[in-house]
Amino acid sequence: MKTKTYSGINLDAKVNIQSAEAKEIGRIFKEKREEMNYSVERVHLDTHISARFIHSIENGDFTHLPAEVYLLGTLRRYAGYLELDADKILGQYYSKTKETKPKEEPKPQKEREQDMSKMFAFLAVSLFVAAIVISIYKISNRTETKVAEAPVPVQAVTVVETPAQNLLKLYVKSKQSSWVKVYAEDKIVFEGIMSPGIEKEWETAKEFQLKVGYVPALEVKLNGKTVDITKGAQQDVNSLVLNWDSLK
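To convert a position in the sequence shown, counted from 1, into the numbering used here, add 183.
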């Protein structure tokens with residue numbers, strides 16, 4: 184079965200939170216909406232969150248939202264509309280998902296014994312090879328005739344450092360909480376929730392890839408130039424490639 188993706192984000196990833204915790208978060212939203220005497224239809228018209236998603240959130244059934252990054256953005260938007268503390272709710276959600284991640288099961292005894300046997304066999308072979316190399320080296324030293332050689336002049340090697348101006352510098356500052364993932368040269372250099380007021384910087388020679396769960400929350404600059412990360416976003420989620428062409 185083919186995995187659905189949008190800009191490299193897995194849309195089939197399941198939301199990892201226990202039902203009881205999801206229902207507690209949903210209860211907060213529902214009670215606040217009813218306290219403000221807002222109908223689901225009014226919330227839908229004002230926020231553009233589908234009525235089906237609103238019912239799912241309030242019922243604590245987060246599985247109907249397509250991916251965790253969409254869920255986080257929707258929770259923030261709905262919380263802001265109801266004048267709830269979005270950072271507190273996202274923090275509650277994020278802490279619960281951390282708690283529910285399954286622990287890695289220990290290897291079976293038989294598998295551990297096999298690993299140990301392989302390790303001891305490798306060490307034995309390594310020691311045997313080392314002993315042969317040392318013996319050959321000693322024999323060679325005893326039979327070798329020392330020959331005086333004229334010293335060869337050593338040519339000076341100049342180390343060329345990459346100038347700072349030849350590096351891309353990515354600056355990200357969070358005004359609100361948002362999930363962020365940063366690649367530099369196809370390697371992940373950061374992934375997680377950036378809380379309000381957090382600032383981070385990275386450097387690379389060629390290219391960054393930036394994935395954002397809630398674009399209104401971030402201020403992004405590339406080599407001091409402000410980057411419009413809202414361009415091309417879908418439901419406040421975006422994925423961007425930032426390279427030297429981005430500075431033109």
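From the three backbone atoms N, C-alpha and C, an ideal C-beta is built for every residue, glycine too.
Note that this is a predicted model, so its numbers are computed, not measured.
Item, Value
"Tell me the residue span of the beta strand (DSSP E) that contains PHE391.", "390–395"
"May I ask you to list the residues that DSSP assigns as paired with GLU374?", "LYS364"
"Figure out for me which residue from TYR276, ARG216, HIS238, ARG225 has the closest Cα to the Cα of VAL252.", "TYR276"
"Mind checking whether ALA304 and SER357 have CB atoms under 7 Å apart?", "no"
"Is it buried or exposed, LYS370, if we count other Cβ atoms within 10 angstroms and call 16 or more buried?", "exposed"
"From the DSSP output, which residues share a beta bridge with TRP172?", "Only positions 184 to 431 of the chain appear in this structure, which leaves residue 172 out of reach."
"Please name the residue or residues paired with THR409 in a DSSP beta bridge.", "LYS404"
"Can you look up LEU423 in the DSSP assignment and give me helix, strand or coil?", "strand"
"For GLN417, name the three-state secondary structure that DSSP assigns.", "strand"
"Mind reading off the beta-carbon distance from TYR366 to LYS404? Whole number of angstroms is fine, and I expect it under 8 Å.", "Actually they are not in contact, since the Cβ atoms of TYR366 and LYS404 sit about 17 Å apart, beyond 8 Å."
"So VAL395 and ILE412 are supposed to be a Cβ contact under 8 Å. How far apart are they, rounded?", "6 Å"
"So which of ARG216, THR246, ASN406 has the shortest CA-CA distance to LEU267?", "ARG216"
"Rounded to the nearest angstrom, how far is the Cβ of LYS383 from that of PHE373, given a contact under 8 Å?", "7 Å"
"Just mark ARG225 as buried or exposed, buried being the case when its beta carbon has 16 or more other beta carbons within 10 Å.", "exposed"
"Going along the chain, which residues of its own chain have a beta-carbon closer than 6 Å to the beta-carbon of VAL410, five neighbours each way excluded?", "VAL403"
"Buried or exposed for GLU241, please, with buried defined as at least 16 other CB atoms from any protein chain shown within 10 angstroms of its CB.", "buried"
"What would DSSP say about GLU266, mapped onto helix, strand or coil?", "coil"
"Between the C-alpha atoms of ILE381 and GLY375, what's the straight-line distance to the nearest angstrom?", "12 Å"
"So, is VAL312 buried or exposed, given that buried needs 16 or more other C-beta atoms within 10 angstroms?", "exposed"
"According to DSSP, simplified to helix, strand and coil, what is GLY274?", "helix"
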